[in-house]
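All remarks here apply to the structure that follows.
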Amino acid sequence: MDSRMYANNIAPYLSLFAAISYGVASMAMVFINKAVLMQYAYSMTLLTFQQGVTALLIHFGRVTGYTKAKGINFATAKKLILVSLFYNANVAFALASLKGVNIPMYIAIKRLTPLAVLVAGFFSGKGRPSTQVTLSVIMTAAGVIVAALGDFSFDLAGYSMAFTSVFFQTMYLVLVEKSGAEDGLSSIEIMFYNSFLSLPFLLFLIIATGEFPNSLTILFAKSTLSFSVILILSLVMGIVLNYTMFLCTIVNSALTTTIVGVLKGVGSTTLGFFTLGGVEVHALNVTGLAINTAGGVWYSYAKYQQKKNKPPKVISDVESHGR
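Counting in my numbering, the sequence shown runs from 3 upward without gaps.
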């Protein structure tokens, strides 16, 4: 069986695996980051650690032969600089917003990303999406607005940072989808480039903002077992989340990745009402979640119908295993 036939046979399963894995990892990461930031307020230093550990592990895996990811190519790195900048801006603003916004409302704001990706894809030349896809995404966004009306606590800085995060997330997802399709990069390779290119920018940022070296002093002072476990989980889940996100975006699409985030947000929002500073349940929240979920299910059905009428694409991650 040649690599193309092999890729076509397992493509549907890989697409499903990528979507489910990303959804689970994304939901877990919200709670883990919130738990860390409740004890350790230096979000940029936390992000720097996550990216540093990711780059080191992938490099180690490449050197020892555990992964087929290629080494640094400066021409490719130049193309992915914007992906790295947008990614880190998204995560930085998202982490900062979690300090002042509770989990349900944070997720509600982030659910606006599918609408933003849909608009960005249209203006970047992907063409007009089908009527069902368009209406389902609009329905998802409408659910967000209804749910947000039930929030009686308001943090202007937190909300502003969350909305800014939506913009940057939209930009890097569109660029990741383009990089995977046009440059034939696997999700691990994109993740490595992203982490590698992020480090100089993040190191400059933690020094310029004054986080360093005080953030390290406080980090070493927090020697409790519970905090250490949460911090390690944050580093590990950061790697898992990035891998599944890039994989889902490459084998599916940027819009599919954001919709998966919307659907996992239903579970995250429900848990967020009762954990880590939960909020009061309101009729508007429940109504908004119902509308939001219906939009996500509708979108999934519409994309399924589209895929039935299209031949499966050859996926670089699969082909790399067939070499």
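All C-beta atoms, glycine included, are put in the ideal place defined by N, C-alpha and C.
For residue i, the nearest candidate out of the options (CA to CA)
i	options	result
A94	I234, Y44, T259	Y44
G123	T172, S230, F214	T172
F203	K180, T50, I220	T50
I59	Y245, V26, Y174	Ile is not the amino acid found at residue 59; the sequence shown has Leu there. For L59, the nearest C-alpha among the options comes from Y245.
Host alpha helix (DSSP H) of residue i (start-end)
i	result
K81	76 to 81
Q134	133 to 150
Rounded separation between residue i and residue j - CA only
i	j	result
L237	R130	39 Å
G54	T47	10 Å
F170	N92	5 Å
F1	S132	The displayed coordinates of the chain run from 3 to 325. Any statement about residue 1 would go beyond what the structure contains.
V135	Y303	9 Å
S17	C250	7 Å
I190	Y68	12 Å
I192	A285	42 Å
A20	N90	22 Å
S138	M107	21 Å
I232	M239	10 Å
L177	I252	10 Å
Y301	Q308	11 Å
T289	I105	17 Å
Proximity of residue i and residue j at Cβ, strictly below 8 Å
i	j	result
K305	Y42	no
N287	A164	no
V85	Y161	no
K36	L100	yes
S217	I208	yes
L291	G73	no
G298	T142	yes
T259	Y24	yes
F248	A57	no
Collapsed DSSP secondary structure at residue i in the structure displayed
i	result
S228	helix
K2	Not covered by the structure: residue 2. The range shown for the chain is 3 to 325.
Q41	coil
Y68	coil
T211	coil
G290	helix
H61	helix
I22	helix
L249	helix
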